[in-house]
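*Asks:* Pasting a structure here, questions to come.
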């Protein structure tokens with residue numbers, strides 16, 4: 086068989102050999118690009134809660150990003166959750182219709198705001214970016230834990246924090262510090278765990294380019310700064326400007342260029358911290374159903390919120406829409422500030438859309454070369470349809486004659502016996 090293939094290959098004209106090699110290379114390149122998109126898309130864990138929630142694709146993760154004018158606070162969340170559940174019920178999507186036990190919730194959600202905060206330990210203070218979280222935040226945003234565990238949404242005391250590795254080493258000289266005490270605004274807080282920050286180029290460019298800690302929304306509201314509440318520009322998580330302070334001698338205050346967080350200092354009055362991101366995972370029996378329910382139940386001006394279906398954002402259909410609206414892609418028409426994970430996802434959307442475009446270009450080129458070879462082969466054929474028909478009829482006749490002869494021989498052998 087291999088000899089026949091080699092002999093046939095040697096008889097091909099040089100341009101046909103090059104065309105066949107090009108077709109093979111183009112198809113391998115197309116499949117490689119598609120595989121690379123799929124692998125990288127799965128690595129973006131904060132975009133895949135829908136898959137983790139329901140592996141069969143019957144759930145969707147929806148993210149909502151609010152402008153400052155939307156005015157969404159943590160007090161608005163119960164009403165929003167009620168509206169979403171009511172919307173599901175109105176669409177006849179219930180635990181019974183999905184075959185789920187009554188104890189299984191129909192949705193899980195989280196909300197967050199970004200800012201910065203100062204953390205102290207033994208006279209050393211660092212300033213770092215902070216994400217104030219509420220709900221099941223770490224269900225949507227799993228981290229690479231180095232020590233400890235996440236703090237839980239149901240905890241009564243909101244005094245536990247997640248430190249990144251750099252902050253842990255700056256304060257303690259170690260990352261194994263679960264349960265250690267730090268001070269935020271002079272109030273003791275406890276280290277729930279330490280995580281390793283993503284260091285790839287896209288993540289750093291998206292805003293996570295420095296220290297970033299996770300605290301409860303109440304902690305960020307009371308002791309933090311930035312976010313949608315002050316006139317000054319808020320610093321995003323990943324704030325590069327961080328500093329270490331030396332302990333003050335004889336118990337005196339350690340002076341820094343900015344406001345210090347000192348033992349026994351009084352907390353400032355809480356300000357109205359606005360939520361800039363709300364995420365929910367919920368049933369999606371029909372593609373686009375969950376996004377439609379969330380959009381209809383938000384109860385705010387659509388120009389003040391961006392709704393994203395994370396579960397479909399890397400699909401071919403969505404990437405086609407990005408390519409079709411490429412000119413408008415970089416335009417910002419609303420006062421929207423995305424958190425670093427959304428900036429990262431949008432960057433990968435741009436990369437994936439270009440990869441998807443190249444996939445289709447390689448397929449078109451491979452198809453064109455295939456058609457060209459087929460036409461050339463047909464024009465230089467040494468057969469006709471009539472000849473093929475006669476050959477088929479002759480072979481069929483020979484097969485029938487052979488069967489008749491074999492049957493006749495069997496009858497004669499039986500008579501002889």
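Residue numbers (the numbering used here): 86 to 502.
Ideal Cβ positions, reconstructed from N, Cα and C, are used throughout, including at glycine.
Fair warning: this is a prediction, and the values are worked out from it, not measured in the lab.
1) I'd like to check one pair, residue 308 with residue 264: are the Cβ atoms closer than 8 Å?
2) Do residue 107 and residue 359 count as a contact pair if the criterion is CB distance below 8 Å?
3) Return the residue from the list 218, 114, 145, 190 that minimises the CA-CA distance to residue 166.
4) Assign residue 416 to one of two classes, buried (16 or more other C-beta atoms within 10 Å of its C-beta) or exposed (fewer than that).
5) Please determine, among 432, 374, 452, the residue with the shortest C-alpha to C-alpha distance to residue 178.
6) If you measure from the CB of residue 265, is any heavy atom of the ligand MG nearer than 7 Å?
7) Beta-carbon separation of residue 150 and residue 362 under 8 Å?
8) Among the candidates 276, 418, 246, 438, whose CA atom is the shortest distance from the CA of residue 304?
9) Among the residues of its own chain, which have a CB less than 6 Å from the CB of residue 355, if the five just before and after it don't count?
10) Between which residues of its own chain and residue 380 is the CB-CB distance below 8 Å, once the five residues before and five after are set aside?
11) Per DSSP, what kind of secondary structure is residue 187 in: helix, strand or coil?
12) Is it right to say residue 447 is buried, meaning 16 or more other beta carbons lie within 10 angstroms of its own, or is it exposed?
13) I need the straight-line Cα distance from residue 494 to residue 501, nearest angstrom please.
14) Roughly how many angstroms lie between the CA atoms of residue 186 and residue 371, to the nearest whole one?
15) Select from 141, 148, 102 the residue whose C-alpha is nearest the C-alpha of residue 431.
16) Mind checking who residue 201 pairs with in its DSSP beta bridge?
17) State the Cα-Cα distance for the pair residue 420 and residue 200, rounded to the nearest angstrom.
*Replies:* In short:
1) In this structure, residue 308 does not lie closer than 8 Å to residue 264 by Cβ.
2) A distance of 8 Å or more separates the beta carbons of residue 359 and residue 107.
3) The closest CA to that of residue 166, considering only 218, 114, 145, 190, is found on 190.
4) Classification for residue 416: exposed.
5) For the set 432, 374, 452, the Cα lying nearest the Cα of residue 178 is the one of 374.
6) Here there are no bound small molecules, and the ligand MG is not part of this structure.
7) Yes, the pair counts as a contact, with Cβ atoms nearer than the cut-off.
8) Of the listed residues, the one whose Cα sits closest to residue 304 is 246.
9) Residue placement at residue 355 is flagged as unreliable, the pLDDT there being 40, under the threshold of 50; a coordinate-derived value is accordingly withheld.
10) Residues 387, 392 of the same chain have their beta carbon placed closer than 8 Å to that of residue 380, with the five preceding and five following residues left out of the count.
11) Coil, per DSSP.
12) The C-beta of residue 447 has 16 or more other C-beta atoms within 10 Å across all chains shown, which makes the residue buried.
13) Their backbone Cα atoms lie some 11 Å apart in a straight line.
14) So the alpha carbons of these two residues sit roughly 21 Å apart.
15) Taking only the C-alpha atoms, the option nearest residue 431 is 148.
16) 214, 310.
17) Roughly 17 Å separates the two Cα atoms.
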